[in-house]
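J.: If you're matching positions, the sequence shown starts at 1 in full-length UniProt numbering and goes up one per residue.
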Amino acid sequence: MDLIVHLNGTKLVYEPQLQSAQPLFAAISQAEDASRSAAAALALLTWDILTTVDDEILYLFVRYYSLIGLVIQNAQIIIPCVPWLIFQITSLFLVEAAVEVLMMFRVHAVYAAQPKIMRIMLFGFAIQVALMSVSLGLSIDKVKTGWYCKSTDLPTEMVIYSTASIVYEAFLFVLMMYGVIRGTKEGFSDTTLMNELVRGGAVAFVAVFSVMIMNTILFTLAPSTLVTLGFPWLLAILGSAGPRLILNVRASHANARSKGPSSFAHLHLTMSAHSYSALDRNLNDPASAGYSSSMRGESSSFPLRDRDGDGDLEWDSDSDLDLDDEASESTALNRRRHDLESASSSEIGSRSPPSPLSPRTT
1 MDLIVHLNGT KLVYEPQLQS AQPLFAAISQ AEDASRSAAA ALALLTWDIL
51 TTVDDEILYL FVRYYSLIGL VIQNAQIIIP CVPWLIFQIT SLFLVEAAVE
101 VLMMFRVHAV YAAQPKIMRI MLFGFAIQVA LMSVSLGLSI DKVKTGWYCK
151 STDLPTEMVI YSTASIVYEA FLFVLMMYGV IRGTKEGFSD TTLMNELVRG
201 GAVAFVAVFS VMIMNTILFT LAPSTLVTLG FPWLLAILGS AGPRLILNVR
251 ASHANARSKG PSSFAHLHLT MSAHSYSALD RNLNDPASAG YSSSMRGESS
301 SFPLRDRDGD GDLEWDSDSD LDLDDEASES TALNRRRHDL ESASSSEIGS
351 RSPPSPLSPR TT
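Written as structure tokens, this is what we have:
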């Protein structure tokens with residue numbers, strides 16, 4: 001009985017002290033959670049850099065700025081909280097602006113570099129930067145900090161910052177998809193570069209958009225102990241998605257170049273009827289065997305085929321070249337060729353200077 005009384009008395013004595021220390025325990029727990037989140041984001045960004053370091057030896061600024069920011073954030077440095085918060089927010093602002101500029105260039109490429117589209121995007125970007133700057137200016141003095149200068153509460157003005165970013169990212173995505181749909185109707189969207197622009201832009205948009213939504217929810221609707229968990233991930237995702245917008249395009253371009261001339265295997269050289277007539281005569285002229293043999297080596301560029309194996313080249317019936325509209329012109333050319341055959345070499349020389357496509361004379 002005495003033990004029970006003693007325990008109850010202990011509870012009554014120490015319960016007010018425990019309640020008063022609860023905010024301290026919550027602040028310590030929040031700081032530890034924020035540190036773990038920052039360490040995980042740093043590990044993700046470091047892994048992403050190591051897996052693509054061979055492709056980015058010559059570049060890039062965006063990713064390494066994020067890496068420096070996360071390293072400093074994980075380091076336990078005793079500095080005033082206000083300058084540290086300014087550095088964090090400025091880092092996020094610069095990296096996000098750089099990624100959006102890369103997205104703008106991709107959308108500009110989808111629209112075949114139309115100046116009107118770039119002006120529209122720049123106008124929206126200027127509005128976004130203005131809103132974000134106003135939001136940051138109103139929020140910095142109201143940010144509450146705890147252990148290791150970790151933010152414990154963010155003002156409602158930060159919602160303007162997140163909303164402006166989310167709206168502009170959505171605007172760029174809609175603009176890109178509209179350009180793709182329009183390109184599909186016009187028949188130029190089925191290309192390697194276009195596919196890469198759309199695929200890379202969509203993946204980057206989904207990643208950045210998702211982490212922005214998560215970050216907004218954390219410092220508006222979630223408990224205050226989770227307010228700082230999203231910031232390191234936003235910096236890491238931006239640092240990873242931004243460089244890949246460039247690396248993927250460069251890799252796609254390198255793969256296309258490695259294929260060589262095979263990409264143009266289905267192209268046909270279109271020539272006028274004059275050139276066809278002169279070329280046909282030159283190929284069938286025994287005196288120009290050297291020239292015709294060289295042309296046979298490249299005959300795949302012309303609709304000529306050696307069907308009988310006797311060295312006589314004929315026009316391929318499968319060719320998409322249509323000369324029906326020039327029937328009258330071809331008749332006149334044949335008559336002209338007959339006149340040239342009956343003429344002497346001196347008369348040919350007096351009429352016109354020698355041409356590489358003209359019959360060789362002895």
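The C-beta atom is built at its ideal place from N, Cα and C for all residues, glycine as well.
Along the chain, where does the alpha helix (DSSP H) that runs through Gln128 open and close?
T.: Segment 115–139, the alpha helix (DSSP H) holding Gln128.
J.: Does the region 84–99 come into contact with the region 229–238, if we say contact requires no fewer than three beta-carbon pairs (one atom in each stretch) closer than 8 Å?
T.: Yes: at least three Cβ pairs fall under 8 Å.
J.: Look up Pro243 in the DSSP assignment and say whether it is helix, strand or coil.
T.: Looking at Pro243 - three-state DSSP - the assignment turns out to be helix.
J.: Would you call Val208 buried or exposed, if buried means 16 or more other Cβ atoms sit within 10 Å of its Cβ?
T.: So Val208 counts as buried.
J.: Whole angstroms are fine: how far does the CA of Glu157 sit from the CA of Ile166?
T.: Cα to Cα, Ile166 sits roughly 15 Å from Glu157.
J.: What does a CB cutoff of less than 6 Å around Val198 pick up in its chain, not counting 5 residues either side in sequence?
T.: Excluding residues within five positions, the ones whose Cβ falls inside 6 Å are Val180.
J.: Alpha carbon to alpha carbon, what distance is there between Leu172 and Gly124?
T.: Rounded to the nearest angstrom, the two C-alpha atoms are 9 Å apart.
J.: In whole angstroms, what is the alpha-carbon distance linking Ser162 and Leu245?
T.: So the alpha carbons of these two residues sit roughly 22 Å apart.
J.: So, for Leu131: in the same chain, excluding its five sequence neighbours on each side, which residues have a beta-carbon less than 7 Å away from its beta-carbon?
T.: Correct list, in chain order: Ile160, Ala164.
J.: If you count every other CB in all the chains shown that lies within 10 Å of the CB of Ala126, and 16 or more means buried, which is it?
T.: Ala126 is exposed by the Cβ-count criterion.
J.: Excluding sequence positions up to five away, which residues of its chain have a Cβ less than 6 Å from the Cβ of Val211?
T.: Around Val211: Trp233, Leu234, Ile237.
J.: Between which residues of its own chain and Thr220 is the CB-CB distance below 7 Å, once the five residues before and five after are set aside?
T.: For Thr220, where only same-chain residues beyond five positions count, the Cβ hits under 7 Å are Val159.
J.: In this structure, how does DSSP classify Tyr178 when only helix, strand and coil are distinguished?
T.: Note: Tyr178 maps to helix in three-state DSSP.
J.: Can you tell which of Val206, Phe105, Ser133 has its C-alpha closest to the C-alpha of Met121?
T.: Here the closest residue by C-alpha is Phe105.
J.: Measuring alpha carbon to alpha carbon, tell me which of Ile86, His108, Pro115, Ala204 ends up nearest Ser133.
T.: Of the listed residues, the one whose Cα sits closest to Ser133 is Ile86.
J.: May I ask you to report which of helix, strand or coil DSSP gives Ala112?
T.: Here Ala112 sits in coil by DSSP.
J.: Just to confirm my understanding: we take Ala204, look at its own chain, exclude 5 residues before and 5 after, and list those with CB closer than 6 Å. What are they?
T.: Excluding sequence neighbours, Ala204 sits near Ala241, Leu245.
J.: Under the rule that 16 or more other beta-carbon atoms within 10 Å means buried, what is Pro83, buried or exposed?
T.: Answer is exposed; the Cβ neighbour count stays below 16.
J.: Below 7 Å, is the gap between the Cβ of Phe173 and the nearest heavy atom of the ligand ADP?
T.: Because no ligand of any kind appears in the structure shown, any question about the ligand ADP cannot be addressed here.
J.: Got a sec? Which residues, its chain only, sit under 6 Å from Ser139 by beta carbon, not counting five neighbours each side?
T.: Hits under 6 Å: Pro155, Glu157, Met158.
J.: For a test of the three-state rule: what should DSSP assign to Leu221, helix, strand or coil?
T.: Note: Leu221 maps to coil in three-state DSSP.
J.: With DSSP run on the structure shown, which of helix, strand or coil describes Thr46?
T.: DSSP places Thr46 in helix when its eight states are reduced to three.
J.: In this structure, how does DSSP classify Glu157 when only helix, strand and coil are distinguished?
T.: Here Glu157 sits in coil by DSSP.
J.: Could you tell me the distance, in whole angstroms, from the CA atom of Pro115 to the CA atom of Ile89?
T.: Their backbone Cα atoms lie some 32 Å apart in a straight line.
J.: For Tyr168, count neighbouring C-beta atoms within 10 Å of its own C-beta (all shown protein chains included) and say buried if the count is 16 or more, exposed if not.
T.: Looking at its Cβ environment, which holds 16 or more other Cβ atoms inside 10 Å, Tyr168 is buried.
J.: Helix, strand or coil for Pro303 per DSSP?
T.: Only weak support is given to the placement of Pro303: the predicted model assigns it a pLDDT of 47, under 50, and the value that follows is read from those uncertain coordinates. Here Pro303 sits in coil by DSSP.
J.: Whole angstroms are fine: how far does the CA of Asp141 sit from the CA of Pro45?
T.: The sequence given here has Leu at residue 45, not Pro. In a straight line, the C-alpha of Leu45 is about 30 Å away from that of Asp141.
J.: Measuring CA to CA, which of Val174, Leu136, Ala109 is closest to Leu92?
T.: Here the closest residue by C-alpha is Leu136.
J.: Can you find the residues in the same chain that come closer than 6 Å, C-beta to C-beta, to Leu175, ignoring five residues on each side of it along the sequence?
T.: So the list reads Val107, once near-sequence residues are dropped.
J.: Do you know how far the Cα of Met118 is from the Cα of Tyr111?
T.: So the two alpha carbons sit approximately 9 Å from each other.
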